[in-house]
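Colleague: Sharing a structure with you now.
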Amino acid sequence: MMGNADGKTRTIFCAGNLPPEISGHRIICDDKCVYSFGGYSPKGNDDPIVKELWRFHCLRKEWTKVPVAGSIPKEVASSGVVLFDNHMFLYGGTGLPFGHRLNGDVYYCSLAKRNEKGAVVWRKLPVEGKAPNPRYGQAVAVNKHCLYVVGGTDGSNYSIEVHRLHLRKFRWEKLAEDSLDPLDDVPEIRYRAEIIIHDDEILVFGGGTPDLVYGLSMLPVFNLTTRKWTRKGTLPDPVNGYPGARRCHSVVQSTCGTWVVIAGGIGDHRCCDDIWKLNLVEMRWMRLDRSLPEGVFFHSSAISTGNRMYTFGGVLASNERTNKLSVLDVTVPSLQDMCVQILLDAKPSLFGTEFDDLTRLGVPRKYARRITP
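Shown next as structure tokens:
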């Protein structure tokens with residue numbers, strides 16, 4: 053695993069202009085770049101709601117602010133963002149004051165196309181069906197051409213509703229409602245939880261309200277076939293037991309889909325820096341021997357196709373926000389990946405080489421594409 057000798061994940065020293073110190077944003081990752089959009093950054097900004105798109109080139113280790121145009125979403129703190137078909141989809145979020153200005157629409161932009169001025173163009177998705185009420189802090193995931201939304205808040209009321217948006221048909225569908233009946237298996241209402249989808253089930257990790265947080269030893273599970281809630285027990289790490297209860301954490305799922313990694317968050321007034329891995333076949337937790345550079349919450353993480361986890365931004369224990377980016381190889385990188393990185397570290401002039409020239413030099417096409425801007 054990539055990290056430092058002191059057991060911390062590696063902080064990347066980034067080139068280029070840096071994004072603001074931020075929280076409540078979301079990042080996504082493809083095989084070339086990390087993208088960050090939205091969030092809250094009150095330090096030195098007239099408008100602390102950040103409606104900016106930033107791109108981090110993973111091999112160049114360089115941030116770039118990407119121009120945006122079109123119907124740019126405005127309420128983008130604690131929104132939900134997914135990557136689907138090379139497009140960024142955004143649902144929900146809040147402006148200022150928190151909970152008073154809410155987004156109930158879905159916006160999207162192509163990350164592969166720019167307009168004549170070089171800007172990424174945002175558009176509002178025309179949808180049908182019963183959309184969720186406007187909210188923020190909801191958990192989102194994409195699976196089989198569908199966007200799933202679980203929970204969230206309007207600033208006063210909290211939810212565990214389940215909604216699905218068909219990204220081919222642009223139609224909303226409500227799959228489950230809240231329930232106050234203690235005899236139901238419907239889990240507690242919450243925001244700033246995280247979800248993943250495995251074997252046609254939605255697994256919910258943590259979350260809570262301003263007054264409480266939920267644990268991770270017993271996970272709420274929503275079956276997409278029966279549309280019923282159950283709970284699934286997990287097995288502890290033989291030495292470290294279970295991860296502590298938390299909200300405002302991050303969860304990423306491996307490209308093979310059989311394990312997840314949870315990092316950071318806040319629980320019981322404690323800012324977490326720990327990183328845990330859950331095997332979805334055995335349902336067993338393992339605490340990794342690496343931790344985040346420092347405790348952080350309201351951050352965001354994303355994972356590459358090579359299972360490299362990037363973690364960006366968030367609120368520190370000091371209540372200051374950060375714009376640091378850290379990286380952790382959750383699995384051993386491929387030999388090709390390691391060789392290309394060593395080559396670029398030794399010969400950075402290759403970053404100025406055109407795609408065709410790189411391939412003529414023997415660089416595999418997929419890596420030549422990643423090296424170019």
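Numbering of the sequence shown is given in the numbering used here, commencing with residue 53 and proceeding in unit increments. C-beta: ideal position from N, C-alpha, C; glycine also.
For the candidate residues G293, T286, H321, whose alpha-carbon lies nearest to that of E334?
Modeller: Across the set G293, T286, H321, the C-alpha of T286 shows the shortest separation from the C-alpha of E334.
Colleague: Rounded to whole angstroms, what's the CA-CA distance from T357 to D82? Just pull it up for me.
Modeller: Rounded to whole angstroms, T357 to D82 spans 7 Å at the Cα level.
Colleague: Does the distance from the C-beta atom of D381 to that of N359 stay below 8 Å?
Modeller: The Cβ atoms of D381 and N359 lie closer than 8 Å to each other.
Colleague: Within 10 angstroms of its Cβ, does N292 collect 16 or more other Cβ (buried), or is it exposed?
Modeller: exposed
Colleague: Taking Cβ to Cβ, would you say F403 is nearer than 8 Å to R421?
Modeller: no
Colleague: To the nearest angstrom, how far is the alpha carbon of N56 from that of P72?
Modeller: Note on N56: pLDDT 47, under 50, position unreliable in the model; no value is reported.
Colleague: When the Cα of E253 is compared with those of W224, A245, S231, K284, which residue comes out closest?
Modeller: K284
Colleague: I need the DSSP call for L410, collapsed to helix, strand or coil.
Modeller: helix
Colleague: Ignoring anything shorter than 3 residues or poking outside the segment 356-402, list the beta strand (DSSP E) runs there in chain order.
Modeller: 360-364, 377-381
Colleague: Among L276, A315, A164, whose alpha-carbon lies nearest the alpha-carbon of V120?
Modeller: A164
Colleague: If you draw a straight line from the alpha carbon of S75 to that of T363, how long is it in whole angstroms?
Modeller: 12 Å
Colleague: A420 lies in the alpha helix (DSSP H); which residues open and close that run?
Modeller: 417-423
Colleague: Would you report the Cα separation of C300 and M390, rounded to the nearest angstrom?
Modeller: Taking the straight line from one Cα to the other gives about 32 Å.
Colleague: State yes or no: is the C-beta of D263 within less than 8 Å of the C-beta of R339?
Modeller: no
Colleague: If I measure Cβ to Cβ from S302 and keep anything under 8 Å in the same chain, skipping five residues before and after, which residues do I get?
Modeller: Beyond the five residues adjoining it in sequence on each side, S302 comes within less than 8 Å, by CB distance, of E246, I314, A315, G316, G317, H351, S352, S353, T363 in the same chain, given in chain order.
Colleague: Can you tell me the Cα-Cα spacing of G347 and K376, whole angstroms?
Modeller: 12 Å
Colleague: Quick one: using the 10 Å Cβ neighbour count with 16 as the cut-off for buried, is T146 buried or exposed?
Modeller: T146 sits buried, since 16 or more C-beta atoms from the chains shown fall within 10 Å of its C-beta.
Colleague: Does DSSP put G404 in a helix, in a strand, or in coil?
Modeller: helix
Colleague: Measuring alpha carbon to alpha carbon, tell me which of R223, N371, H250, N209 ends up nearest N275.
Modeller: H250
Colleague: For R166, write down the residues that DSSP places opposite it in a beta bridge.
Modeller: None, per the DSSP bridge assignment.
Colleague: Buried or exposed for Q190, going by 16 or more other Cβ atoms inside 10 Å?
Modeller: Buried: at least 16 other Cβ atoms inside 10 Å.
Colleague: According to DSSP, is F108 helix, strand or coil?
Modeller: strand
Colleague: How long is the line joining the alpha carbons of Y188 and S401, rounded to whole angstroms?
Modeller: 44 Å
Colleague: Looking only at its chain, what residues have a beta carbon closer than 7 Å to the beta carbon of L105, apart from the 5 residues adjacent to it on each side?
Modeller: Excluding sequence positions up to five before and after L105, its CB lies within less than 7 Å of the CB of Y87, F89, V118, V120, V172, all in the same chain and listed in chain order.
Colleague: Quick one: does the C-beta of G91 sit closer than 7 Å to a heavy atom of the ligand MN?
Modeller: What this structure holds is no ligand at all, so the ligand MN is not there to describe.
Colleague: So, G365 versus H109, is the Cβ gap smaller than 8 Å?
Modeller: No.
Colleague: Are the beta-carbon atoms belonging to G203 and G144 less than 8 Å from one another?
Modeller: no
Colleague: Report yes if the C-beta distance between Y294 and L255 is below 8 Å; otherwise report no.
Modeller: Against a cut-off of 8 Å, the Cβ pair of L255 and Y294 comes out as no contact.
Colleague: For the putative contact between R175 and S123, defined by C-beta atoms under 8 Å, what is the C-beta separation to the nearest angstrom?
Modeller: In this structure R175 touches S123 by the C-beta definition: roughly 6 Å separates them, less than 8 Å.
Colleague: Nearest CA to the CA of L344: which residue from L330, A369, H321?
Modeller: A369
Colleague: Give the straight-line distance between the Cα atoms of P272 and H197, rounded to the nearest whole angstrom.
Modeller: 23 Å
Colleague: Once the 5 residues before and after E114 are set aside, which same chain residues still bring their CB inside 8 Å of it?
Modeller: C66, A67, G68, F108
Colleague: Of all the alpha helix (DSSP H) runs that stay within the bounds of the segment 296-335, which reach a length of 4 or more residues?
Modeller: Listed in chain order, nothing qualifies, since the segment 296-335 has no complete alpha helix (DSSP H) run of 4 or more residues.
Colleague: I need the boundaries of the beta strand (DSSP E) containing V291, first residue and last residue.
Modeller: Looking at the DSSP string, V291 is not in any beta strand (DSSP E), and its letter there is neither H nor E.
Colleague: Counting C-beta neighbours from all protein chains within 10 Å, is the total for D233 16 or more, i.e. buried, or is it exposed?
Modeller: exposed
Colleague: Residue ranges of each beta strand (DSSP E) run of no fewer than 3 residues wholly in the segment 143-221, ordered along the chain?
Modeller: 158-162, 172-176, 191-195, 198-205, 210-218
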